[in-house]
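One structure is given below, encoded as structure tokens.
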Amino acid sequence: MIEFRSVSKRFDDGTLAVDDFNLVIPSRKTTVLVGSSGSGKTTLLRMINRMVDPSDGTVSIDGDDISGIEPVKLRRSIGYVMQNSGLLPHFKVIDNVATVPVLNGVPRKQARAQALELLDTVGLNRDLANRYPSQLSGGQQQRVGVARGLAANPNILLMDEPFGAVDPIVRAELQQETIRLQRDLDKTVVFVTHDIDEAFLLGDQVVILEKGARIAQIGSPTEILANPASDFVATFIGADKGKRALSIRETANGSILVDSDGRAAGVLVASSAGDESGV
Numbered sequence: 001m002i003e004f005r006s007v008s009k010r011f012d013d014g015t016l017a018v019d020d021f022n023l024v025i026p027s028r029k030t031t032v033l034v035g036s037s038g039s040g041k042t043t044l045l046r047m048i049n050r051m052v053d054p055s056d057g058t059v060s061i062d063g064d065d066i067s068g069i070e071p072v073k074l075r076r077s078i079g080y081v082m083q084n085s086g087l088l089p090h091f092k093v094i095d096n097v098a099t100v101p102v103l104n105g106v107p108r109k110q111a112r113a114q115a116l117e118l119l120d121t122v123g124l125n126r127d128l129a130n131r132y133p134s135q136l137s138g139g140q141q142q143r144v145g146v147a148r149g150l151a152a153n154p155n156i157l158l159m160d161e162p163f164g165a166v167d168p169i170v171r172a173e174l175q176q177e178t179i180r181l182q183r184d185l186d187k188t189v190v191f192v193t194h195d196i197d198e199a200f201l202l203g204d205q206v207v208i209l210e211k212g213a214r215i216a217q218i219g220s221p222t223e224i225l226a227n228p229a230s231d232f233v234a235t236f237i238g239a240d241k242g243k244r245a246l247s248i249r250e251t252a253n254g255s256i257l258v259d260s261d262g263r264a265a266g267v268l269v270a271s272s273a274g275d276e277s278g279v
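This is how it looks when you write it as structure tokens:
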């Protein structure tokens with residue numbers, strides 16, 4: 001579990017990016033932070049691995065205040081996937097994936113063998129292992145980035161608009177791959193996006209943010225779609241204009257997300273406890 005307690009962040013130029021933020025991120029679920037530019041979502045994400053430290057308040061993981069953990073050690077225990085993959089251009093694919101395990105002391109031969117298995121996990125052919133990032137498509141690079149984020153077998157995976165730089169077809173494929181990976185691996189995923197449709201598709205818990213990381217609404221996709229908490233939320237999700245690209249349709253097999261043409265885009269799955277979670 002990740003917890004933000006009364007967290008604020010003011011940068012050196014005086015910008016108040018986060019103002020008294022409180023949130024509990026449950027374990028083994030996907031929590032999506034969604035908002036427009038300047039809403040503080042990426043700042044919040046980077047606080048979890050101490051790329052950014054709060055000005056006030058605390059961030060804790062499983063009850064431990066992370067301010068007491070050395071930043072590099074913390075980052076090596078948390079997976080991180082960014083928008084432009086962030087691959088090392090002069091490293092082959094296999095060595096990009098193996099980098100963090102090697103830094104953590106895993107023998108290089110073992111780390112490379114594990115890297116090949118991770119290529120299988122993210123749906124990449126092992127023939128790509130000895131290519132350089134420049135020899136891959138954008139979608140392939142992002143898959144390698146996800147494999148690298150998983151390489152140290154972290155309990156937590158941070159994803160900062162990871163699909164924002166690829167075309168819509170590849171983006172849809174990567175979204176479905178993310179859903180499959182979460183079902184298979186059961187990680188605590190924190191996902192940042194500005195796209196509310198992506199948030200509803202991927203999130204078990206969706207957090208809609210206003211400027212200063214003020215929470216406009218938090219809930220499951222079903223709850224937010226059915227009951228927007230304010231005019232701001234209604235406008236943000238498009239409910240006030242009838243332009244929702246995604247909506248909920250009840251079927252004999254449960255709730256599904258459908259696009260504006262009525263095509264199925266995903267399934268809202270009820271947990272064993274009876275509460276709803278996103279796809």
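Take the sequence shown: its position 152, counted from the start at 1, is 152 in the working numbering, and no numbers get skipped.
Beta carbons are placed, not taken as given, at the ideal position from N, Cα and C, and that holds for glycine.
- V144 sits buried, since 16 or more C-beta atoms from the chains shown fall within 10 Å of its C-beta.
- Excluding residues up to 5 positions away in sequence, R76 and A152 lie with their Cβ nearer than 8 Å to the Cβ of N104 in the same chain.
- Minimum Cα-Cα distance from H194 among the listed residues S27, G38, D12 and Y132 corresponds to G38.
- About 6 Å separates the beta carbon of N49 from that of Y80, a gap short enough to meet the 8 Å contact definition.
- The region 133 to 144 and the region 166 to 173 touch, with three or more beta-carbon pairs separated by less than 8 Å.
- Annotated as distal: V24 and V206, with beta-carbon spacing of 8 Å or more.
- The Cβ atoms of V102 and A111 lie closer than 8 Å to each other.
- About 13 Å separates the beta carbons of P133 and M82, which is beyond the 8 Å limit, so they are not a contact pair.
- DSSP assignment within the region 120 to 145 yields no whole alpha helix (DSSP H) run of 4 residues or more.
- DSSP, read as helix, strand or coil, puts F91 in coil.
- In chain order, A98 and V102 place their CB closer than 8 Å to the CB of R108, counting only its own chain and leaving out the 5 sequence neighbours on each side.
- Assigned with DSSP and collapsed to three states, G68 falls in helix.
- For Q217, the three-state secondary structure derived from DSSP is strand.
- Counting only residues of its own chain and dropping the five nearest sequence neighbours on each side, R10 has a CB closer than 6 Å to the CB of L16 and S55.
- Cα atoms of K41 and F200: separation of roughly 16 Å, rounded to the nearest angstrom.
- With 16 or more other Cβ atoms from the protein chains shown falling within 10 Å of its own Cβ, L87 counts as buried.
- By the CB criterion at 8 Å, R28 and K187 fall inside the cutoff.
- Pairing L124 with R148, the inter-Cα distance amounts to about 13 Å.
- DSSP places I179 in no beta strand (DSSP E) but in the uninterrupted alpha helix (DSSP H) bounded by P168 to L185.
- Burial state of P71 is exposed, judged by a 10 Å Cβ sphere holding fewer than 16 other Cβ atoms.
- Close CB contacts of N84 within its chain, under the 6 Å cut and outside five residues either way in sequence, are with A165 (chain order).
- T31 is not a Cβ neighbour of D160, given a cutoff of 8 Å.
- For E161, the secondary structure class from DSSP, reduced to helix, strand or coil, is coil.
- Restricting attention to G238, N155, D13 and E117, the CA atom closest to the CA of D62 is found in N155.
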